[in-house]
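Okay, so here's the structure we're looking at.
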Amino acid sequence: MITLYGFGPGLGMYDPSPFVLKVAAFLRLANIDYRYNGNVNHLFKAPKKKLPFINDNGTIVCDSTFIISHLKNRYASNFDSHLSAEQQAAATLINKSLDESFYWCLVYFRWVDHNSWPTVKNALFGKLPFPLSTIVPLIARRGVTKQVYQQGTGRHNKEEVLSIARQTLDALSVMIGKNRFCLGDQPSSLDATVYAFLAEAILATLNNDLTRLARQYSNLNDYCQRIQQQYFAN
Ligand SMILES: N[C@@H](CCC(=O)N[C@@H](CS)C(=O)NCC(=O)O)C(=O)O
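Basically our numbering = 1-based index in the sequence shown + 1.
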């Protein structure tokens, strides 16, 4: 059996991490049996100190990209075979764009921007006993804010970060158009990534500039709802 380690439900989401949600979405889209084990403490035992990682019958694989490659090789070698070589190449680059650029916009509006922080703090640290409930979020927020600054996104003002997110959303909206899935009427592994990142912006129980922006794209909302209903109903 495959076990997927994540943070545990939060912000109205299956998992508040887009990377964990991406792997869960892939497993569901490809119809691969797995068990989800969500607990923030998994971070301490995670081999690379990041989530997600999986245990596939004793084989540990870290990082959503490596995990999905592993799962495709072992259980779903034909999952993307309906895509042309050009589509597969574009999918690789879109995946990287979401992982490396849009991700930081999400993090910025959850952790750095003041509007969502009280909700995020409560969702992620609300169950800690006092005084940990005050100290741990403070330290965690300081650490994440430093990461966002070091990565570069934290050096921009709010409007600039929003404009980076808007470019991605505009592009995704054009790419998906009226399609059922990202690249037509059949799912591919790109849907796992696109759904995960869009859902964390559109479906999460947060109300900030980024979530409000993402909710303005009706086809992206429909896309998220469709995948949510079809693959995450239970
Ligand atoms: N490249 C990794 C990124 C994973 C990642 O950044 N996970 C975040 C949560 S969204 C994490 O574990 N952060 C904890 C930390 O940085 O201490 C992947 O694709 O899985």
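Just so you know, even glycine gets a beta-carbon here, dropped at the ideal spot from N, CA and C. Since we're looking at a predicted model, the values are computed, not measured.
Going by other Cβ atoms of all chains shown within 10 Å of its Cβ, with 16 needed for buried, is Ala-124 buried or exposed? Here Ala-124 is buried. Its C-beta has 16 or more other C-beta atoms within 10 Å.
Are Ala-166 and Leu-12 close, meaning C-beta to C-beta below 7 Å? No, the Cβ-Cβ distance between Ala-166 and Leu-12 is not below 7 Å.
Along the chain, where does the beta strand (DSSP E) that runs through Val-62 open and close? Where Val-62 is concerned, the enclosing beta strand (DSSP E) stretches over 60-63.
Beta-carbon gap between Cys-225 and Ala-200 smaller than 7 Å: Here Cys-225 is near Ala-200, since their CB atoms are less than 7 Å apart.
Figure out for me which residue from Gly-144, Arg-216, Asn-79 has the closest Cα to the Cα of Trp-112. Closest option to Trp-112, Cα to Cα, is Gly-144.
Just grab the DSSP bridge partners of Asp-16 for me. Residue pairing of Asp-16 in beta bridges, as defined by DSSP: absent, with no partner found.
beta-carbon Asp-64 near ligand 1 non-hydrogen atom, thresh 6 Å: For Asp-64, the distance from the CB to the nearest heavy atom of ligand 1 is below 6 Å.
Please identify the residue among Cys-63, Glu-101, Phe-126 whose C-alpha is closest to the C-alpha of Thr-4. The residue from Cys-63, Glu-101, Phe-126 with its alpha-carbon nearest to that of Thr-4 is Cys-63.
Straight-line CA distance for Lys-159 to Leu-221? One C-alpha to the other measures close to 22 Å.
Can you tell which of Arg-36, Met-2, Leu-184 has its C-alpha closest to the C-alpha of Gly-59? Cα-wise, what sits closest to Gly-59 is Met-2.
Where the alpha helix (DSSP H) through Asn-79 begins and ends: It is not in any alpha helix (DSSP H) - Asn-79 carries neither H nor E in the DSSP assignment.
Count the other CB atoms within 10 Å of the CB of Ile-61; is the residue buried (16 or more) or exposed (fewer)? Label assigned to Ile-61: exposed.
Mapping the DSSP letters down to three states, classify Asn-1 as helix, strand or coil. Shown here, the chain extends from 2 to 235; a query on residue 1 therefore has no answer.
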